[in-house]
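Counting the sequence shown from 1 gives a position; the numbering used here is that position plus 6.
Following: one structure in structure tokens, then a few remarks.
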Amino acid sequence: MIMNDVVESRLVLGRAPKALLDRVADDPTGPLLVGLAGPAGHGKTALLAELTRIGRRAGLTVRTGVPEPTDPVDPAELLLVDDAHLLDDERVGVLLDLVATRRHRLVVAHRPWPRSVAFSELTDVLRREGQAVLLGPYGREQTAAHLAAAAPELAHRGDLVDYVHTQTGGVPRDVERLTRGLRAVPGLSSAPTEPPRSVVLEFAPELEIQPTAVRRLLLAVAAGVPLPVTMLGPLLDQEPEAVDELIATTRAAGLIGADGRLTPIVRRAVTTLSPATERSAVWRRLTELQLARGGPVLPLVRSLLAVGVLGDCPAPTLAAAAQEALADEPAFAADLFAAATAAGHPTSARQALAAALAGNLDDALRLADRLLAAADPTDRAEAAVVAATALAHRGHTGRSVELYRWSGTASSLAYATVGGLATGDLTAAGPPVDESAGEPPTLHASAARLMAQGVRESVTGTPSAALSALVQAAALLEPDGRAALLPDSPAALAALTAVHSGELDIAEQVLHRAQAAGVGGPLMARRHRLLQAWILMVRGQTLAAAERLATVTADERPLESRDLLFAAALRMGIGRRTSDLGALKRGWGQALEAVVRHPVDLFTLLPLGELAIAGARLGDAARLAPYLREGRALLDRLGAPTLWSVPLHWSGLHAAILSGEPTAADDHVAALLAAADHSRYAAVVAAAAESWVEVLRGVVDPVRVEAAARGLHDTGLCWDGARLAGQAAIRTSDRRAMTTLLECARVLQGRPAAATGGPRPPAGESATPATDAIAAPTQQGLSDREYEVAELVLAGLTYREIGDRLFISAKTVEHHVARMRNRLNCANRAELLALLRTVVADRASDAAGQPWPQRSAR
Numbered sequence: 007m008i009m010n011d012v013v014e015s016r017l018v019l020g021r022a023p024k025a026l027l028d029r030v031a032d033d034p035t036g037p038l039l040v041g042l043a044g045p046a047g048h049g050k051t052a053l054l055a056e057l058t059r060i061g062r063r064a065g066l067t068v069r070t071g072v073p074e075p076t077d078p079v080d081p082a083e084l085l086l087v088d089d090a091h092l093l094d095d096e097r098v099g100v101l102l103d104l105v106a107t108r109r110h111r112l113v114v115a116h117r118p119w120p121r122s123v124a125f126s127e128l129t130d131v132l133r134r135e136g137q138a139v140l141l142g143p144y145g146r147e148q149t150a151a152h153l154a155a156a157a158p159e160l161a162h163r164g165d166l167v168d169y170v171h172t173q174t175g176g177v178p179r180d181v182e183r184l185t186r187g188l189r190a191v192p193g194l195s196s197a198p199t200e201p202p203r204s205v206v207l208e209f210a211p212e213l214e215i216q217p218t219a220v221r222r223l224l225l226a227v228a229a230g231v232p233l234p235v236t237m238l239g240p241l242l243d244q245e246p247e248a249v250d251e252l253i254a255t256t257r258a259a260g261l262i263g264a265d266g267r268l269t270p271i272v273r274r275a276v277t278t279l280s281p282a283t284e285r286s287a288v289w290r291r292l293t294e295l296q297l298a299r300g301g302p303v304l305p306l307v308r309s310l311l312a313v314g315v316l317g318d319c320p321a322p323t324l325a326a327a328a329q330e331a332l333a334d335e336p337a338f339a340a341d342l343f344a345a346a347t348a349a350g351h352p353t354s355a356r357q358a359l360a361a362a363l364a365g366n367l368d369d370a371l372r373l374a375d376r377l378l379a380a381a382d383p384t385d386r387a388e389a390a391v392v393a394a395t396a397l398a399h400r401g402h403t404g405r406s407v408e409l410y411r412w413s414g415t416a417s418s419l420a421y422a423t424v425g426g427l428a429t430g431d432l433t434a435a436g437p438p439v440d441e442s443a444g445e446p447p448t449l450h451a452s453a454a455r456l457m458a459q460g461v462r463e464s465v466t467g468t469p470s471a472a473l474s475a476l477v478q479a480a481a482l483l484e485p486d487g488r489a490a491l492l493p494d495s496p497a498a499l500a501a502l503t504a505v506h507s508g509e510l511d512i513a514e515q516v517l518h519r520a521q522a523a524g525v526g527g528p529l530m531a532r533r534h535r536l537l538q539a540w541i542l543m544v545r546g547q548t549l550a551a552a553e554r555l556a557t558v559t560a561d562e563r564p565l566e567s568r569d570l571l572f573a574a575a576l577r578m579g580i581g582r583r584t585s586d587l588g589a590l591k592r593g594w595g596q597a598l599e600a601v602v603r604h605p606v607d608l609f610t611l612l613p614l615g616e617l618a619i620a621g622a623r624l625g626d627a628a629r630l631a632p633y634l635r636e637g638r639a640l641l642d643r644l645g646a647p648t649l650w651s652v653p654l655h656w657s658g659l660h661a662a663i664l665s666g667e668p669t670a671a672d673d674h675v676a677a678l679l680a681a682a683d684h685s686r687y688a689a690v691v692a693a694a695a696e697s698w699v700e701v702l703r704g705v706v707d708p709v710r711v712e713a714a715a716r717g718l719h720d721t722g723l724c725w726d727g728a729r730l731a732g733q734a735a736i737r738t739s740d741r742r743a744m745t746t747l748l749e750c751a752r753v754l755q756g757r758p759a760a761a762t763g764g765p766r767p768p769a770g771e772s773a774t775p776a777t778d779a780i781a782a783p784t785q786q787g788l789s790d791r792e793y794e795v796a797e798l799v800l801a802g803l804t805y806r807e808i809g810d811r812l813f814i815s816a817k818t819v820e821h822h823v824a825r826m827r828n829r830l831n832c833a834n835r836a837e838l839l840a841l842l843r844t845v846v847a848d849r850a851s852d853a854a855g856q857p858w859p860q861r862s863a864r
């Protein structure tokens, strides 16, 4: 609290000092024998000054300092002694004599160090015969009280109170300095990142008077790493006992805390005000000692970086710190490696690895290529792995496979198998090579082996075996996969396999774990988030998918070609599912560029299929035809594996529907039916494909359609399932079937079935004539004008804007919307918009509202 009668001095007191002042104020002539101890800057002098004011106000004679041995002291006097730790033995003896009489009123203030034998005797007698008062740093409440007295305009700011307390550690001297400095800052709106320079400069006199050994100790502690006495001795060229004395002296000077650390403001003063040569010498010696004892140097380097003196670090220390940072902070590690190289350390493959893990493939390739030409064999092998991985991410799979095989490690050979199969090389699916020699069975090596096994199974075995191997590989990397340099992560391949198998829950879980564990570092983080967005899109959660996609490009770093292809396909897929024709048109050029930049491989068939549908929707499917042929040829070289073929046929079916190509659609249906026995997913998709084509030909079996739609939903194709039910609903003339299918579509979209709107005809009754009048046009779809209105409504235009665009009145637009809502039996606008997205998206496939020709006999 703050004493009311001492506001002028802004004295903030703890419990014991306040009790002392209260006792003297209540009984000025009473017995008083006190030892007042505390480091410099903790308020001893201020407390003695307050005792002086209280004594003089009470009419006492107050004497300061130690009297001469021949100078008598009246017992009624109040004797106050400051800095008693500096007294020689003779003057300490005078105080001991005064205490021994037990008649004198005496307060002795001192630091805890130095302590001569005589002075130790004096403090012991004061504690035994009188009272010992210890002064410590302020707590937060006391810091706030000081600001309230010294700077009322700042005291109400909790952030400033916290800032002052954190920066100073509550040392009263430093609280006063920083408070005064903050008051002088014009327009202070928030806590500064650094204390004002004027405040830092106030420490200069105190630091200058310290012995050289103390200043060196402060510089060592300012490095911010724990320093055992066994290390401080060689650093300061002192024996352990002398080191203990230095620490005690520094603590008594109020420059180091009881925990052996510097407060932020003292640390800033020490690093800023110490001579550069002295600072550099101490920290260089410190890093040498830390390296010699095998201790971590990253915390030390990080501390030096924080105070802007990283240049004082020798190259070996920077390289060692970079190696320590590699797993968790590859970008920081790359910067440290670069700094080490600039300081004279030779370029190493680890530097290329750090750049690759950080996602900087340009630097990774440049460094790796240089090492391949000039480094020793070990560095060349590691550089080959870095270059192979970077090339894999950029779509140069053939060259990547070549480099992996050249490097010769077991992990590299496994990655070469994955790359070979991705490009349609069936020979890569042969028996695994002997992977026991040359590399220990680490988690990374075991994961690589399982990864190759999983991809091999996806081509020549069963989907379940492939998924099991890939999920196991992903789990192996989770404990320590941040520094694993991967051409593709087993989690990503497991997710792709799961998506191709209709196991979206498994895909989500394995990606979530990999993302949480940071597998593959920043290089793989985007890949994982893109696949998470893909799963959300397939489920029909387009808003969440768009938000996840936005996180991938938030830092504005260019995407590598594989990620760029997935991102482009995601944008087009989201636009198609939301019937955003404008977004489709805007993104089509970028999508084509992404397709051109990344060669077709097994793991990009999914986005290629999505882009084929978007191209058909835009009437530009021919632009993608060569790449689709290449994809089919790749699958043929691998023996048309069902796992990878079925989704491509599913996409091909919808592209054919949108392009109005019944024969091509029939071919895809036939291929899906032929694969139906290979997996549950293939069977569900085949049934849905057959039902879809029948619906387009005007044959709507509501029971069969609903079963197919629910099957799609259960395998994760939620949006497709709702769309199939919606398409069937708008193509049937049976009012009851239409209502049932609309309810099914709403439920599969995640909407409650009870929200279906208009009344249903009772069981056993036919629709009224009025209902027939509404239902009849549904068989033929919406009118051309209604399609135009629907497209503009979905584009977000107002009725007035739509009317201006179509040269009709806003009232007429409103009438069209009301008719469509009644015709499609929607209870509210949200349901109408959801159904219109399906209707508008499928108009191109509906051949202007006419059913497809019946399937020809095969």
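Ideal Cβ positions, reconstructed from N, Cα and C, are used throughout, including at glycine.
Thinking C-beta only, is G546 closer than 8 Å to A574? In this structure, A574 keeps its C-beta atom at 8 Å or more from the C-beta atom of G546.
CB-CB under 6 Å to A344, same chain, minus the five flanking residues each way: which ones, in chain order? So the list is empty, once near-sequence residues are dropped.
Can you check whether the CB of P34 is closer than 8 Å to the CB of L66? Their beta carbons are under 8 Å apart, which means L66 touches P34 by this criterion.
Expected contact under 8 Å - CB spacing of A743 and V706 to nearest Å: With 8 Å as the limit, A743 and V706 qualify as a contact, their Cβ atoms being about 7 Å apart.
Validate contact between the segment 98-115 and the segment 132-140 using beta carbons, cut 8 Å, 3 pairs: Cβ pair count under 8 Å is three or more, so yes.
Could you tell me whether the Cβ atoms of L570 and R603 are closer together than 8 Å? Yes, the Cβ-Cβ distance between L570 and R603 is below 8 Å.
Identify, in the order they occur along the chain, each residue of the same chain with its Cβ nearer than 7 Å to the Cβ of A443, setting aside the five sequence neighbours on each side. Below a pLDDT of 50, predicted positions are generally treated as unreliable, and A443, at 48, falls in that range; no measurement from the model is reported.
Which term fits E696, buried or exposed, when burial requires 16 or more other beta carbons within 10 angstroms of its beta carbon? Buried: at least 16 other Cβ atoms inside 10 Å.
Sorted by chain position, which residues of the same chain lie with C-beta nearer than 6 Å to L316's C-beta, five sequence neighbours on each side aside? L310.
Among P118, F572, V105 and G20, the one whose alpha carbon lies nearest that of A46: In terms of CA proximity to A46, P118 leads the group P118, F572, V105 and G20.
Have a look at L223, L292 and R299 and flag the residue whose alpha-carbon is nearest the alpha-carbon of R267. For the residues L223, L292 and R299, the minimum Cα distance to R267 belongs to L223.
What does T70 pair with, by DSSP beta-bridge criteria? Within the DSSP bridge table, the entry for T70 names L86 as partners.
Minimum length 4: unbroken alpha helix (DSSP H) runs contained in the segment 568-613: When DSSP assignments are scanned along the segment 568-613, the uninterrupted stretches of alpha helix (DSSP H) that are 4 or more residues long and fall wholly within it turn out to be 587-603.
Comparing alpha-carbon positions, which option in V461, R308, H660 and E566 lies nearest R865? Residue 865 cannot be examined here, being either before or after the span of the chain that is shown, 7 to 864.
Length of the line joining the Cα atoms of A531 and A513: Near 15 Å, if we compare the C-alpha coordinates of A513 and A531.
Beta strand (DSSP E) containing G658: first to last residue? Where G658 is concerned, there is no enclosing beta strand (DSSP E), although the alpha helix (DSSP H) it sits in stretches over T648 to S665.
Roughly how far, in whole angstroms, is the beta-carbon of G727 from the beta-carbon of A715, given that I think they are within contact range, below 8 Å? G727 to A715, Cβ: 4 Å. Contact.
Spatial distance of V276 from A228 (CA atoms): Taking the straight line from one Cα to the other gives about 7 Å.
Neighbourhood of V711 by C-beta distance below 7 Å, restricted to the same chain and skipping five residues each side: Contacts found: S697, V701, L730, A731, A734 and L747.
Taking 7 Å as the cut-off, does the CB of H660 come closer than this to any heavy atom belonging to the ligand MG? The model depicted lacks the ligand MG and carries no ligand whatsoever.
Can you confirm whether the segment 369-384 touches the segment 540-556 when touching is taken to mean that 3 or more C-beta pairs between the two stretches lie within less than 8 Å? Remark: fewer than three beta-carbon pairs, one from each stretch, lie closer than 8 Å, so the segment 540-556 and the segment 369-384 are not flagged as touching.
Just checking my contact of P493 with P336 at CB under 8 Å: how many whole Å lie between their CB atoms? Contact doesn't hold; Cβ gap of about 16 Å is too wide.
Any beta carbon from chain C within less than 8 Å of G621's own beta carbon? No chain C appears in the structure shown, which is made up of a single protein chain.
Let me confirm a value: G260 is counted as buried when at least 16 other C-beta atoms fall within 10 Å, else exposed. Which label applies? Classification for G260: buried.
Cβ-Cβ distance between L367 and A396 below 8 Å: Yes, Cβ-Cβ distance for L367 and A396 is below 8 Å.
Would you call the segment 189-203 and the segment 161-169 in contact, with 3 or more CB pairs under 8 Å? These segments touch.
Beta bridge counterpart(s) of D116 as assigned by DSSP: Per the sequence shown, the amino acid found at residue 116 is His instead of Asp. Note: H116 sits in a beta bridge opposite A43.
Hey, could you find the ends of the alpha helix (DSSP H) V307 is sitting in? Start and end: L304 to A312.
When burial is assigned at 16 or more other CB atoms within 10 Å of the CB, is R568 buried or exposed? So R568 counts as buried.
Coarse secondary structure for E200, derived from DSSP in three states: DSSP places E200 in coil when its eight states are reduced to three.
Tell whether a beta-carbon distance below 8 Å holds between T745 and N831. Against a cut-off of 8 Å, the Cβ pair of N831 and T745 comes out as a contact.
Counting Cβ pairs, one atom from each stretch, are 3 or more of them under 8 Å apart for the segment 596-615 and the segment 648-660? Contact between the segment 596-615 and the segment 648-660 is present, with at least three C-beta pairs closer than 8 Å.
Beta strand (DSSP E) containing Q137: first to last residue? Residues Q137 to L140.
Using 10 angstroms around the beta-carbon of E771, count the other beta-carbons present and answer buried if the total reaches 16, otherwise exposed. With a pLDDT of 33 at E771, under the threshold of 50, the modelled position of this residue cannot be trusted, and the question is left open.
Cβ shell of L456 (< 6 Å), same chain only, five flanking positions each side left out: The residues are A475, Q478 and A479.
To the nearest whole angstrom, what separates the beta carbons of A501 and L536, a pair I think is in contact under 8 Å? The pair is not a contact, with the Cβ atoms about 10 Å apart (cut-off 8 Å).
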